Amino acid sequence: MTKDEIRQSLTEVFREVFDNDALVLRDETNADDIEEWDSYMHINIVVATEMRFGIKFQTAEIEALRNVGEFVDLIYRKSQ
Amino acid sequence: MLFNSPIFLFAFLPTVLLGYYVLGQRNARAAVLWLTASSFVFYGWWNPAFVLILAGSILFNFTVSVLLHASADRRRRRNLVLAFGVATDLLVLFYYKYLAYLIGVVAGLGLTSATPPSILLPLGLSFFTFTQIGFLIDCAQGEAHERGFIEYLLFVSFFPHLIAGPILHHREIMPQFARPELCQFRWASLATGSAIFFLGLAKKVVLADSLIGPIGSGFSHPAELGVTDAWLTAVGYSLQLYFDFSAYSDMAIGLAYMFNVRFPLNFNSPYKSRSIIEFWQRWHMTLTRYLTLYVYNPLAIHIARRRAMRAGTNASIPRSKKTLSAFVPSIVVPTLTTMLIAGIWHGAGLQFVIFGLLHGFYLVVNHAWRLFGPARSKAERSWIGSWSTALLQTSLTYMAVIVADIFFRATSAANGVALLSGMLGFGSGLADSLWTDKNLVTLVLCGLIAFCAPNVYQLMRGYEVALGQPKPVGDLMPRWRPSPAWAVGMGIVAAFAIANLWNVSEFIYFQF
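Chains as they are written, first to last, in our numbering: chain F, 1 to 80; chain R, 1001 to 1512.
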């Protein structure tokens, strides 16, 4: 999978979790940009992403992320 | 050594600063070692024997971190090493903090005749234990990249945060100690850092400490208080606690900044919060962050994974966010567990369990309201509607905090319940009120500052004195500048604070 494909697929995950089809993810998007992104939704995103890509994150890996761009990079590394 | 003691202010701090910058001009490494040695002197001031515990804890945890890196490719061995490290840390904490209490409880039930041993709690033990457990977990997960022993030694022992936080994360601090420009002297660091420090000192000695008398007396015989005095005691304590602990955090952040180190924000005007969720994002923020990272998230993710597995891969996306059957495992279980741990972390005793569970309950109600409650009404969107809603939300949040704080301060659960009954009018009212006019003026002043004034970091906006941003404020709010007018103002605050130093009192959070 290329990073663009990952970003595309991740957008679908976010749209389903937040129930918002208009949601657009940019590399610099972070939790401050999406109003509903609280601790509960955060967990939902992580687990939904794991299921979608068939990978498993360490909690520390997730916490080190600052934005969607870094999330895409992490998924890319993990799915190689 | 206390931050608010003359020996610290007039001897220790100037000596350490001078040595740091003089050595730093020649050799940054020497300056870092000097700062570490000074931190051990600072720690040993109370009880030199405790230096061994601090040093032992640092050496032990650093060794475990090296073993973790050495077994990075062997999952089973790595997990074993991690479990051993964390269990040892928790055992030491248990011995010093909870053993005597538990033996007392068991003896109270008549199950043993042993008398509880008198074990002196080493200061800051829960803080430096938690900091290091976090480091070990990150090492095991391959996310701790800075591994220099000197940086680690200073990261754990650095005196501004050693006793009562903020609870630092290695990722934000250890790289700062390795910067080449770390010990280059800048007047701006000294001016800004000391301004924050003295504002904190004033909050502590001028405001918080002058409420100690009547509040202590109220908690010593709560059943005899009248309604007014019971309320004054409870409200007064919530303000005393805030002005004591946020003052300590300000002083720590100011001190660190004098050494060109930036600490994370720990308080962000928490009493202005409009919900309990927001309150915990603004109160003891580094503890919230720590518990979210190392307790709440791992637990919630574990539960969410199991639920997703059970539902099968087709139901890969949790669409069930608005059902009660999803709410209980996904929110209630991790929230109550985390807040129970938060309560017990503060100390042994049923009152701390009640404090934690009360906040856990508040958070669960808050989450339930967000998920199942009504959407924002039209009235709320009007100016008057949104203003009155904000007032209602802030008052409700503050009330909830006051009730929980009673148990935080109470000497026992029964003591807390007695004060609560007093607030409801069940006290005998026999005790004479100890609240003088001066106490009442201080109380009102504390309330006005906590609810209406900008906080220190909002005053300092634009200077990035701490890691993390305070809430934005309007341009009309005063703004600190390294100008003659502010220097005079800060000088008056500092002089006023120093004049009040005669009555040295410990910080509330030193007992945790």
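The beta carbon of each residue, even a glycine, is placed where N, CA and C say it ideally should be.
Every value quoted in this text rests on a predicted model; they were computed, and no experiment measured them.
Quick one: complete alpha helix (DSSP H) runs, 4+ long, within the region 1208-1268 of chain R?
-> 1212-1220 and 1227-1258
State buried or exposed for K1203 (chain R), treating a residue as buried only when at least 16 other CB atoms are found within 10 Å of its CB.
-> buried
Contact set between Y1043 (chain R) and chain F, taken where Cβ atoms lie within less than 9 Å | The contacting residues do not exist; Y1043 (chain R) stays about 29 Å from chain F at best.
Excluding sequence positions up to five away, which residues of its chain have a Cβ less than 6 Å from the Cβ of A1031 (chain R)?
-> Y1020, L1023, G1024 and C1183
Across which residues does DSSP place L1467 (chain R) in a beta bridge pair?
-> R:P1264
What are the boundary residues of the alpha helix (DSSP H) that includes V1328 (chain R)?
-> Counting along the chain, V1328 (chain R) falls outside any alpha helix (DSSP H), and DSSP gives it neither H nor E.
Does N30 (chain F) have its Cβ less than 9 Å from a Cβ in chain R?
-> no
Between the CA atoms of S1071 (chain R) and V1515 (chain R) - distance to the nearest angstrom = Residue 1515 (chain R) lies beyond the residue range present for chain R, which begins at 1001 and ends at 1512; the question has no answer from this structure.
H1284 (chain R) versus chain F: which residues are under 9 Å apart at the beta carbon?
-> Residues of chain F passing the Cβ test: none, with the nearest at roughly 16 Å.
CB-CB under 7 Å to I1253 (chain R), same chain, minus the five flanking residues each way: which ones, in chain order?
-> I1196, F1263, V1465 and A1466
Residues in its own chain within less than 8 Å of P1117 (chain R) by CB, not counting five upstream and five downstream?
-> L1099, A1100 and I1103
Beta carbon of A1230 (chain R), beta carbon of G1427 (chain R): below 9 Å?
-> yes
Would you kindly report the start and end of the unbroken alpha helix (DSSP H) that includes P1160 (chain R)?
-> F1159 to L1162
Establish whether the CB of L1293 (chain R) and some CB of chain F are separated by less than 9 Å.
-> yes
Taking 9 Å as the cut-off, decide whether the C-beta atoms of L1035 (chain R) and L1154 (chain R) are in contact.
-> yes
Keeping to the same chain, check which residues put their C-beta closer than 8 Å to that of L1340 (chain R); ignore five residues upstream and five downstream.
-> V1353, G1356, L1357 and G1360
Kindly indicate if chain F contains any beta-carbon less than 9 Å away from that of R1029 (chain R).
-> no
Three or more beta-carbon pairs under 8 Å between the region 1004-1017 of chain R and the region 26-36 of chain F, yes or no?
-> no
Mind checking if A1375 (chain R) is an interface residue toward chain F, Cβ cutoff 9 Å exclusive?
-> no
Taking all protein chains shown into account, do 16 or more other C-beta atoms lie within 10 angstroms of the C-beta of K56 (chain F), making it buried, or fewer, making it exposed?
-> exposed
Using a Cβ-Cβ cut-off of less than 8 Å, list which residues of the region 1152-1167 of chain R approach chain F; keep chain order.
-> none
Counting only runs that start and end within the region 1366-1431 of chain R, where is the alpha helix (DSSP H) found for 4 or more residues in a row?
-> 1378-1381, 1383-1409 and 1413-1423
Can the beta-carbon of R1305 (chain R) be found closer than 9 Å to that of V17 (chain F)?
-> no
Apart from the five residues on each side of it in sequence, which residues of its chain come closer than 8 Å, Cβ to Cβ, to A1055 (chain R)?
-> F1040
Go through its chain and collect everything with a Cβ distance to S1273 (chain R)'s Cβ below 6 Å, but skip five positions before and after it.
-> F1279, R1282 and T1397
How should Q1240 (chain R) be labelled, buried or exposed, when 16 other C-beta atoms within 10 angstroms of its C-beta is the threshold for buried?
-> buried
For the region 1119-1137 of chain R against the region 1156-1174 of chain R, are there 3 or more C-beta pairs whose distance is under 8 Å?
-> yes
Excluding the 5 residues preceding and the 5 following P1270 (chain R) in the sequence, name in chain order all residues of the same chain whose CB lies nearer than 6 Å to its CB.
-> F1279, R1282 and W1283
Could you check what DSSP says for T1115 (chain R) in three-state terms: helix, strand or coil?
-> coil
Tell me, please, whether the region 1221-1230 of chain R touches the region 1419-1436 of chain R by the rule of three or more beta-carbon pairs shorter than 8 Å.
-> yes
Contact set for I1508 (chain R): own chain, Cβ-Cβ below 7 Å, skip 5 residues either direction = L1241, D1244 and F1245
For I1058 (chain R), which option in R:E1151, R:S1382 and R:V1488 has the closest C-alpha, if you only look at C-alpha atoms?
-> R:E1151
Just by C-beta distance, which residues in the region 1330-1350 of chain R are closer than 8 Å to chain F?
-> S1330 and I1331
Checking contacts by CB at 9 Å: is D33 (chain F) closer than that to chain R?
-> no
In terms of alpha-carbon separation, which member of R:A1191, R:E1172 and R:C1139 lies closest to T1063 (chain R)?
-> R:C1139
Cutoff 9 Å: R1075 (chain R) Cβ touching any chain F Cβ | no
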